[in-house]
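S.K.: Residue numbers (our numbering): 25 to 177. Take a look at this one; I'll ask things after.
Rendered as structure tokens:
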């Protein structure tokens, strides 16, 4: 293995670890300022590392996680900005996983709810429900549906 390959492998490993660390915080009940700062830091760091070693799919997932982190912290404008980036990436290729676009739409629904309220989120919610139908794997569909259901729209 070359030095570049070893460095890329290490970056991938760190990106995955930081992504999982962010999810651990999201799954916890801790919403202290320290936990939210760590969540946002982990999401940004994971996204940054994937930018160097991943493709469009990883970039979209990274932007989605950053958006989700800002939404969790109640920072609506930043959540919308990163959800828009995730959506742009998810729409950029037909060769991506079939769950990626519905996931990005769920992220925008969540971000709009935090930033602009229920009325602004409703159109995105409807669009996400339509997009869910395109997911072949029932488990993938159920996961995104559960995230959408959390919003209470």
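C-beta atoms are modelled at their ideal positions from N, C-alpha and C, and glycine is treated no differently. Owing to the predicted nature of the structure, the values given are computational and were not obtained by experimental measurement.
Return the residue from the list 163, 128, 176, 99 that minimises the CA-CA distance to residue 140.
M.R.: Taking the chain shown and counting its residues from 1, one reaches residue 140 at position 116. For the residues 163, 128, 176, 99, the minimum Cα distance to residue 140 belongs to 99.
S.K.: Reducing DSSP to helix, strand and coil, say where residue 174 ends up.
M.R.: Position 150 of the chain shown, counted from the start, is the residue given in the question as residue 174. Coil.
S.K.: Quick check: what's the CA-CA separation for residue 39 versus residue 33?
M.R.: Walking along the chain shown from the start, residue 39 turns up at place 15. Walking along the chain shown from the start, residue 33 turns up at place 9. Distance between the alpha carbons of residue 39 and residue 33 is about 10 angstroms.
S.K.: Quick one: give me the first and last residue of the alpha helix (DSSP H) that residue 58 is part of.
M.R.: Here the question's residue 58 lines up with position 34 in the chain shown. First-last of the alpha helix (DSSP H) with residue 58: 57-77.
S.K.: On a Cα-Cα basis, can you pick out the residue from 133, 80, 101, 95 that is closest to residue 112?
M.R.: Here residue 112 is taken as the residue at index 88 of the chain shown, counted from 1. Nearest C-alpha to residue 112: 80.
S.K.: Would you please verify whether the beta carbon of residue 160 is less than 9 angstroms from any beta carbon of chain D?
M.R.: Here chain D cannot be found, since the structure has a single protein chain.
S.K.: Alpha carbon to alpha carbon, what distance is there between residue 116 and residue 170?
M.R.: For the purposes of this step, residue 170 is identified with residue 146 of the chain shown, where counting begins at 1. For the purposes of this step, residue 116 is identified with residue 92 of the chain shown, where counting begins at 1. Rounded to whole angstroms, residue 170 to residue 116 spans 25 angstroms at the Cα level.
S.K.: Alpha carbon to alpha carbon, how far is residue 59 from residue 49?
M.R.: Translated into the one-based positions of the chain shown, residue 59 becomes position 35. Translated into the one-based positions of the chain shown, residue 49 becomes position 25. Each residue's Cα considered, the two are about 7 angstroms apart.
S.K.: Please state the DSSP three-state secondary structure of residue 147.
M.R.: Within the chain shown, the letter at position 123 stands for residue 147. In this structure, residue 147 counts as helix in the three-state DSSP scheme.
S.K.: Going by alpha carbons, who is nearest to residue 151 out of 163, 133, 164?
M.R.: Translated into the one-based positions of the chain shown, residue 151 becomes position 127. Among 163, 133, 164, the Cα nearest to that of residue 151 is on 133.
S.K.: How many angstroms separate the CA atom of residue 90 from the CA atom of residue 167?
M.R.: Within the chain shown, residue 90 is the residue found at index 66, counting from 1. Within the chain shown, residue 167 is the residue found at index 143, counting from 1. Roughly 18 angstroms between the two C-alpha positions.
S.K.: Which same chain residues end up closer than 6 angstroms to residue 28 when comparing Cβ atoms and leaving out the 5 residues on each side of it in sequence?
M.R.: Position 4 of the chain shown, counted from the first residue, corresponds to residue 28. Around residue 28: no qualifying Cβ.
S.K.: Please list, in chain order, all residues of the same chain as residue 120 whose beta carbon is under 6 angstroms from its beta carbon, the five residues on each side excluded.
M.R.: Indexing the chain shown from 1 puts residue 120 at position 96. The residues are 81.
S.K.: In this structure, how does DSSP classify residue 159 when only helix, strand and coil are distinguished?
M.R.: Here residue 159 refers to the residue found at position 135 when the chain shown is read from its first residue. DSSP places residue 159 in coil when its eight states are reduced to three.
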